[in-house]
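Numbering (my numbering), first residue to last: 46 to 292. Below is one structure, written out as structure tokens; the observations come after it.
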């Protein structure tokens, strides 16, 4: 696994951004006020702010890694996280209103995962972490997991499945593919274990969100449960390799 040197000031900056992210997300949950329909406590500005903190962290990590063997991968992760923030803004209705916000959000998240997958595959190919059995085996397992979760959470629980439920399948498989590629790398080097966990959390949060949006799934603080999986998922994707260099 390529190593990278990081200065104390760079470590301090990355830890500070991590603290800002945690303060906004978890602080918003602890100190926020439950909304009228009892779906969340974390205020929208705190949710968007936590994602913005991760975008800044991702691009900061890209600058730290510039010129190293991690340069290209950190670029793809920064692009993916930036698209994730754009997806958050769409889904929150801050850019696009109405039903189109969901489609716009899915589009942004999907492109973000294409960036994640591209960066991870190219990294594996470049540095020899491309064992076919581990790569394709992980992909097969995660595609089955993604399809099964989609069926149970989104399709089967729908009163009358519609085109939107079917459209959620390829999106779920795309997210599962990110987890698969990361898992394939993690089976060859432990540096990617946290990243694979983060991708899995992202998939779980998105399927729960789909059940909420498309099937009317509801329980107290469901929105916060989504964000308390999604936020740490994105954080682990952004910070997995950085934490290895920071500690």
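Cβ atoms here follow ideal geometry from the backbone N, Cα and C, with glycine treated the same way. From a predicted model like this one, the values you see are computed outputs, not experimental measurements.
Cα-Cα separation between residue i and residue j, rounded to whole angstroms
i: residue 238; j: residue 244; result: 10 Å
i: residue 225; j: residue 167; result: 14 Å
i: residue 128; j: residue 192; result: 24 Å
i: residue 55; j: residue 261; result: 44 Å
i: residue 281; j: residue 201; result: 30 Å
i: residue 203; j: residue 157; result: 27 Å
i: residue 199; j: residue 154; result: 18 Å
i: residue 136; j: residue 145; result: 9 Å
i: residue 212; j: residue 81; result: 30 Å
i: residue 139; j: residue 53; result: 37 Å
i: residue 173; j: residue 278; result: 26 Å
i: residue 131; j: residue 159; result: 15 Å
i: residue 257; j: residue 143; result: 16 Å
i: residue 171; j: residue 263; result: 45 Å
i: residue 112; j: residue 163; result: 19 Å
i: residue 287; j: residue 205; result: 45 Å
i: residue 67; j: residue 177; result: 37 Å
i: residue 152; j: residue 79; result: 29 Å
Nearest-angstrom Cβ-Cβ length linking residue i and residue j, presumed shorter than 8 Å
i: residue 62; j: residue 105; result: 7 Å
i: residue 248; j: residue 221; result: 6 Å
i: residue 84; j: residue 253; result: Actually they do not touch by this definition, with Cβ atoms about 12 Å apart.
i: residue 49; j: residue 291; result: Actually they do not touch by this definition, with Cβ atoms about 10 Å apart.
i: residue 195; j: residue 214; result: 5 Å
Whether residue i touches residue j by CB criterion (7 Å)
i: residue 100; j: residue 126; result: yes
i: residue 285; j: residue 246; result: no
i: residue 223; j: residue 161; result: yes
i: residue 35; j: residue 255; result: What the structure shows of the chain is the stretch from 46 to 292, and residue 35 is not part of that stretch, so it cannot be assessed.
i: residue 169; j: residue 175; result: yes
i: residue 110; j: residue 283; result: no
i: residue 250; j: residue 216; result: no
Own chain, CB closer than 8 Å to residue i, minus 5 neighbours either side, in chain order
i: residue 87; result: 70, 73, 74, 77, 268, 269 and 272
i: residue 107; result: 116, 119, 120, 122 and 123
i: residue 133; result: 92, 93, 96 and 150
i: residue 58; result: 105
i: residue 60; result: 291
i: residue 184; result: 222, 225, 226 and 229
The ligand GDP heavy atom lying under 6 Å from the CB of residue i
i: residue 290; result: Judged by which ligands are present, the structure shown has none, so any question about the ligand GDP falls away.
Residues near residue i by beta carbon distance below 7 Å, same chain, minus five either side
i: residue 179; result: 229, 232 and 233
i: residue 227; result: 165, 237, 240, 241 and 244
i: residue 65; result: 98
i: residue 190; result: 221
i: residue 218; result: 188, 191 and 192
i: residue 148; result: none
Residues near residue i by beta carbon distance below 6 Å, same chain, minus five either side
i: residue 209; result: 259
i: residue 114; result: 47
i: residue 207; result: none
i: residue 141; result: 135 and 149
Neighbour flag for residue i against chain C, beta carbons, 7 Å
i: residue 177; result: Annotation note: the requested chain C is absent from the structure, which comprises a single protein chain.
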